[in-house]
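First the structure, in the form of structure tokens, and then the observations on it.
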Amino acid sequence: MRKVSIFGATGSIGQNTIDLIARAPESYDVVALTGGHNIEQLAADAQRVGANLAVTAFDARLDDLKNALAGTGVEAASGQAALTEAASRPADWVMSAIVGAAGLAPGLEALKHGATLALANKESLVCAGSLMLETARTHDACLLPVDSEHSAIFQALVGEDMGAVERIIITASGGAFRDWPLVDLENATPDQASSHPNWDMGQRITIDSASMFNKAMEVIETREFFGVSPDQIEVIVHPESMVHALVGFRDGALMAHLGAPDMRHAIGYALHWPDRLDLPVERLDLAKLGQLNFRAPEDARYPALRLARWVMERGGLSGAVFNGAKERALDHFIAGRIGFLDMAILVEQVLDRFEAGSGLIDAAMTLDNVTETDHLARQWTDDAMVNRAG
Ligand code: NAD
Ligand code: MG
């Protein structure tokens, strides 16, 4: 039996992971599940998969979790230290599916203990790519992509030499507003941005898809994961979300990965890697699909892509600044305090301020420095809001 833990078990990726694990209970010994406010789900799943431990990220919810698990034999815990402790418990395979920079510390801890880390939490690589990779190397741990584009690239690279890779193309659905007139974007609401044409995902990544911040993060993730240079990474809008990514080789060959938009494929690939086992995903009927469409992303519609290019050129802790500011701007958008287009404006202002006035951006990439940069970027996003209002 393989020992597995799932961080962010109550979310969209977490639930898809549990779906796969619950289909083969004889194969998995579940060590820990973690969640946030969704205590009922967390407690029910912990019992269903026979977890030893359930952790809520929020201390105020510990009593609820304890009550929900009373008499079940599942241990209950809460808070950041408990999340890190859960990540230190021996496991062969750990799913990193917390949303946001909060996923970084538990992921690093799992790597320090030599686990195979299935990484859905792209924020870890955006904020601290070299730290993640270095930690995996030092502790003989393995980092596997779960983001559908990165899983697709990883699969297209099996048996290939990176020296033969010319370019990597990741596809973007274009999100909720891809066909909206540009002038209407200013008034787009959080509700409108929260419905994705193809994928069923958590609210934050769904809004990030509409703004292309998700794709911007994924471009940086591609650079970190595969070690290619920024000019080797391209983004193409592909409304059907059937082709997830393509790898172009020096001989002109282009390998595409196709599949229905169902995250259980990428999760299952990381779960069974290096083997391929049966997965409960739809088989594509290409004749029925008929055609697939592709078009170049418009610069004016998607400023986040330009900011990602700047971050890759700048390097160091600029990814942590970018992510922290993006997360905070997204909080403000969801709360109705700023408009849809203001998110990219605020993030750019924070990046400018860091570039001009913070020694931190060039500081060493340690967990402490990343955390401090993340906090500062959020604070500077709030400052930029105040300046705007004033
Ligand atoms: P989600 O919002 O559905 O779930 C997030 C999970 O994180 C929940 O379990 C929640 O309780 C937990 N969480 C929230 N705040 C937390 C905090 N401060 N501390 C600890 N735990 C916290 O999100 P999701 O869509 O499942 O996405 C999870 C991660 O996977 C994100 O990094 C996202 O970018 C990435 N991802 C998701 C998809 C997808 O299809 N949903 C695809 C690719 C990548
Ligand atoms: Mg993706």
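Under our numbering, the letters of the sequence shown match residues 11 to 400, in that order.
Glycine is no exception: its CB is placed at the ideal position from the N, C-alpha and C atoms.
#### Entry: Beta-carbon proximity check, L127 vs A120, cutoff 8 Å
yes
### Task
Taking the CB atoms as reference points, tell me whether A354 and S221 lie closer together than 8 Å.
yes
### Query
Is any heavy atom in ligand 1 found nearer than 7 Å to the beta carbon of K122?
For ligand 1, not one heavy atom lies less than 7 Å from the Cβ of K122.
#### Entry: Any heavy atom of ligand 2 within less than 7 Å of residue CB: hits in chain order
Counting every residue whose Cβ lies closer than 7 Å to a heavy atom of ligand 2, we get D157, S158, E159, N224 and E228.
### Message
On the DSSP bridge list, what partners appear for T44?
### Response
Note: T44 sits in a beta bridge opposite V65.
### Query
What is the DSSP secondary structure of W283, reduced to helix, strand or coil?
coil
### Query
Relative to ligand 1, is the shortest distance from any of its heavy atoms to the C-beta of G173 smaller than 7 Å?
no
#### Entry: A401 versus G117, D341, S158 and E176, residue with shortest Cα-Cα distance
Here the chain has residues from 11 to 400 only, and residue 401 is not among them.
### Query
DSSP three-state call for I246: helix, strand or coil?
strand
### Query
With contact counted as at least three CB pairs below 8 Å, one residue from each stretch, are the segment 294–301 and the segment 344–360 in contact?
no
### Query
Are V228 and I277 touching if we call contact CB-CB under 8 Å?
Residue identity check: residue 228 is Glu in the sequence provided, not Val. Their beta carbons are not under 8 Å apart, which means E228 does not touch I277 by this criterion.
### Query
Alpha carbon to alpha carbon, what distance is there between D157 and Q213?
16 Å
### Query
How big is the Cα-Cα spacing for L129 and L135?
9 Å
### Query
Nearest to A330 by alpha carbon, out of P271, E170, Q242 and R388?
Measuring from the Cα of A330, the nearest candidate turns out to be R388.
### Query
When we look at the beta-carbon of M11 and count the other beta-carbons within 10 Å, is it buried (16 or more) or exposed?
By the 10 Å Cβ count, M11 comes out exposed.
### Task
Would you tell me roughly how many angstroms separate the C-alpha atoms of L386 and D102, rounded to the nearest one?
35 Å
### Message
Mapping the DSSP letters down to three states, classify R305 as helix, strand or coil.
### Response
strand
### Task
Check the Cβ-Cβ distances between A339 and every residue of chain B, and say whether any is below 8 Å.
Included in the structure is just one protein chain, with no chain B present.
### Task
For P271, count neighbouring C-beta atoms within 10 Å of its own C-beta (all shown protein chains included) and say buried if the count is 16 or more, exposed if not.
buried
### Query
So which of H282, I28, G346 and A86 has the shortest CA-CA distance to M395?
Closest option to M395, Cα to Cα, is G346.
### Query
How close, in whole Å, do the beta carbons of F236 and E176 come, if the pair is a contact with beta carbons under 8 Å?
In fact, because the Cβ distance is near 13 Å, the residues do not count as touching under 8 Å.
### Query
Are the beta-carbon atoms of S251 and N208 separated by less than 8 Å?
yes
### Task
Starting from K13, follow its DSSP beta bridges and name the residues at the other end.
D39
### Task
Going by DSSP, name the residue or residues bridged to P155.
In the DSSP assignment, P155 forms a beta bridge with L129.
### Query
If we count the other Cβ atoms within 10 Å of its Cβ and call it buried at 16 or more, is A80 buried or exposed?
Its Cβ having fewer than 16 others within 10 Å, A80 is exposed.
### Counterpart residues of V175 in DSSP-defined beta bridges
F259
### Task
Could you tell me the boundaries of the alpha helix (DSSP H) in which L192 lies?
No alpha helix (DSSP H) contains L192, which DSSP labels as neither H nor E.
### Message
Classify P290: buried if its beta carbon has 16 or more other beta carbons within 10 angstroms, exposed otherwise.
### Response
exposed
### Message
Rounding to the nearest angstrom, what Cα-Cα distance links V104 and L317 in this structure?
### Response
31 Å
### Task
Take Q202 as the anchor and find which of T94, H248 and G185 has the nearest alpha-carbon.
G185
### Message
Can you find the residues in the same chain that come closer than 7 Å, C-beta to C-beta, to A263, ignoring five residues on each side of it along the sequence?
### Response
none
### Message
Under 8 Å, with one C-beta from each stretch per pair, do the segment 304–311 and the segment 357–372 reach the 3-pair mark?
### Response
Contact fails: fewer than three Cβ-Cβ distances are below 8 Å.
### Task
Tell me, please, whether the segment 66–76 touches the segment 25–41 by the rule of three or more beta-carbon pairs shorter than 8 Å.
no
### Message
Quick check on T232: buried or exposed, where buried means 16 or more other Cβ atoms within 10 Å of its Cβ?
### Response
Buried, because 16 or more other Cβ atoms sit within 10 Å of the Cβ of T232.
### Query
With respect to the alpha helix (DSSP H) encompassing M227, which residues constitute its N-terminal and C-terminal limits?
M227 -> alpha helix (DSSP H) spans F223 to F236.
### Check whether V65 and L30 have beta carbons under 8 Å apart
no
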